[in-house]
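Participant: Letter 77 of the sequence shown, counting from 1, is numbered 739 in the working numbering, and no numbers are missing.
Let me give you the structure first, and then I'll get to my questions.
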Amino acid sequence: MSSPVNSVPELRVRALNDRPVRKGGDYVLYWMIAHRRARANFALDRAIDHCRELGRPLVILEALRADHRWSSARLQRFVIDGMAANEVAFESTGVRYHPYVEPHAGAGQGLVEALAARACVVVTDDFPCYFLPRMTSSTAQRVGVCVESVDSNGILPMRAAPEVYPTAYAFRRFLQRNLREHLACFPQAAPFEGPPLVPHASLPAEIERRWPRANTAHDAEPTVLRGGSRAGEARLESFVRNVLPRYAEQRNEPEADASSGLSPYLHFGHLSPHTVFESIARWEGWTIGALGSQSAGKRAGFWGVGESAEAYLDQLVTWRELGFNFCSQRADYDRYESLPSFALATLAKHAADKRPHLYSLAELESAATHDPLWNAAQTELVRTGKMHNYLRMLWGKKILQWSPSPQVALAVMVELNNKFAFDGRDPNSYSGIFWVLGRYDRPWGPERPIFGTVRYMTSENTARKLDVDAYVRRYSGGASTAAT
663 MSSPVNSVPE LRVRALNDRP VRKGGDYVLY WMIAHRRARA NFALDRAIDH CRELGRPLVI
723 LEALRADHRW SSARLQRFVI DGMAANEVAF ESTGVRYHPY VEPHAGAGQG LVEALAARAC
783 VVVTDDFPCY FLPRMTSSTA QRVGVCVESV DSNGILPMRA APEVYPTAYA FRRFLQRNLR
843 EHLACFPQAA PFEGPPLVPH ASLPAEIERR WPRANTAHDA EPTVLRGGSR AGEARLESFV
903 RNVLPRYAEQ RNEPEADASS GLSPYLHFGH LSPHTVFESI ARWEGWTIGA LGSQSAGKRA
963 GFWGVGESAE AYLDQLVTWR ELGFNFCSQR ADYDRYESLP SFALATLAKH AADKRPHLYS
1023 LAELESAATH DPLWNAAQTE LVRTGKMHNY LRMLWGKKIL QWSPSPQVAL AVMVELNNKF
1083 AFDGRDPNSY SGIFWVLGRY DRPWGPERPI FGTVRYMTSE NTARKLDVDA YVRRYSGGAS
1143 TAAT
């Protein structure tokens, strides 16, 4: 499924300024900020295309800021694991890979500009969430060379969708009519095959001195999830072989270990959704000819694979990329006012309703509520950086019920998820948080206190549907922030 050389779709490439390509520059600079991997990466492919066209070497800067709002030792370690994997992946390619970790806030200021000053062109990653769009846009205005932003986020290019879709059903109908052409154009699985690149020896001494390469080596901590492409691809192989066959039947059971576990690697760009798709296609013996012709928006039957693979591909492509659709077209994706009109109206109507319990952010963070199942879910999040997908929905619904207003509930969900979750700060995680408040949903009856016609969930009903006793026992004892 890999594309031929020089075929990164133009739909995935966006100029961030009106500066020219500087043909006399010393190198092409790839500023890697979201697609942190050495293959199956359209941004890397674009940078290599420029190198071959211009006859210049490739410099790759992968940097990690120390001062963003939800930075933590756990998240930083995950990114640095990825840098270690990338060092190995790039060492025999002839490119100059420069991993940089800020030792303190602001230490990296000026690094991109210094590298861009000698570059022919700067290629970076198009990621529509968190501080990254602001950072790339402002940097592009400060440098005197062309800056291109390349979308390697999903199977569907973000700009292929003409509008924001209000439901998964509506987005799925669009995908079923339009996805086929994009399945024929995947990023390079082996991007350095073909004509060798001009080798690059070193960076200017001043850059090496002021912004030295990061030391990415560390001893593994057994309780911490390891990051990086090698770890992500190992998890993918294990999922496809051992979990996918039972995914449809068991994914909602907390103790069945039937989720993919891939979202941290997808979020940090250590694993490409194209790679995930190709692995499932190989396992299922799938070819593009098996793709259904329906465009009715139904969850099953489109892909032409088994029930479990259908269910997972709907999560990977429909639900995950629905979040990218919203974030790429709505600057207010993280604002309460972006909720659908029915949700705004019904939550406003019930804003003054009496709450059965009110918990502070500190009480919620430490899992100090009266509800053992909710406490277990929050404890899992704090201890491991992950939460079972079904219980994450319940987790959010109870925060809505226990907060003095839906606006406060939103702020609490964003804070806890972005602070602790490996896959926080992501379009997909904002989809989940805002789904709690009615995004991508419809009015549900009967009308209830606090929720109005926003979908209602309870711990009692969840415990009746699922076997949660062992899960609660495993995560009893309350949360600890020591791992952050």
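Glycine is no exception: its CB is placed at the ideal position from the N, C-alpha and C atoms.
Okay, do the segment 1067-1084 and the segment 974-983 touch, 3+ Cβ pairs below 8 angstroms being the bar?
Facilitator: no
Participant: Given that a residue counts as buried once 16 or more other Cβ atoms are within 10 Å of its Cβ, and exposed if not, what is leucine 818?
Facilitator: Leucine 818 comes out buried.
Participant: Measure the alpha-carbon distance for glycine 1086 versus tyrosine 1092 and round it to whole angstroms.
Facilitator: 8 angstroms
Participant: Within the continuous alpha helix (DSSP H) that includes glutamate 1027, where are the two ends?
Facilitator: 1023-1027
Participant: Which same chain residues end up closer than 6 angstroms to asparagine 1090 when comparing Cβ atoms and leaving out the 5 residues on each side of it in sequence?
Facilitator: Arg982 and Gly985
Participant: Under the three-state reduction of DSSP, which class applies to histidine 760: helix, strand or coil?
Facilitator: In this structure, histidine 760 counts as strand in the three-state DSSP scheme.
Participant: What residue range is occupied by the uninterrupted alpha helix (DSSP H) comprising threonine 949?
Facilitator: Where threonine 949 is concerned, there is no enclosing alpha helix (DSSP H), given that its DSSP letter is neither H nor E.
Participant: Report the start-end ranges of each alpha helix (DSSP H) in the segment 676-722 that is 4 residues or longer and not cut off at the edges.
Facilitator: 704-716
Participant: Are the Cβ atoms of lysine 1048 and tyrosine 1118 separated by less than 9 angstroms?
Facilitator: no
Participant: Just how far apart, CA to CA, sit proline 1002 and serine 1065?
Facilitator: The C-alpha of serine 1065 is placed about 20 angstroms away from the C-alpha of proline 1002.
Participant: Counting only the same chain and skipping the five closest in sequence on each side, list residues whose C-beta sits under 7 angstroms from that of lysine 1188.
Facilitator: Only positions 663 to 1146 of the chain appear in this structure, which leaves residue 1188 out of reach.
Participant: Going by DSSP, which residues form a beta bridge with tyrosine 1102?
Facilitator: Thr829
Participant: Report the three-state DSSP secondary structure of arginine 807 (helix, strand or coil).
Facilitator: With the sequence shown as reference, residue 807 is identified as valine, and arginine is not the correct amino acid for it. Correct three-state label for valine 807: coil.
Participant: Which parts of the segment 869-928 are runs of the alpha helix (DSSP H), unbroken and 4 residues or longer, counting only runs that do not cross its ends?
Facilitator: 891-900 and 909-912
Participant: Go ahead and pull the three-state DSSP assignment for leucine 726.
Facilitator: strand
Participant: Kindly identify the DSSP beta-bridge partner or partners of threonine 786.
Facilitator: Trp693 and Ser811
Participant: If distances are taken between C-alpha atoms only, which option among Val809, Phe848 and Tyr692 comes closest to alanine 816?
Facilitator: Looking at the sequence shown, residue 816 is not alanine but glycine. Closest option to glycine 816, Cα to Cα, is Phe848.
Participant: Would you tell me roughly how many angstroms separate the C-alpha atoms of alanine 852 and glutamate 724, rounded to the nearest one?
Facilitator: 20 angstroms
Participant: Judging by CA-CA distance, which residue of Ala677, Val886, Ser925 and Gln1063 is the nearest neighbour of phenylalanine 901?
Facilitator: The option with the nearest alpha carbon to phenylalanine 901 is Ser925.
Participant: Is methionine 1119 near the ligand NAP, with its Cβ less than 8 angstroms from a heavy atom?
Facilitator: Absence of the ligand NAP is noted for the structure shown, with no ligands found whatsoever.
Participant: Is it buried or exposed, arginine 1045, if we count other Cβ atoms within 10 angstroms and call 16 or more buried?
Facilitator: buried
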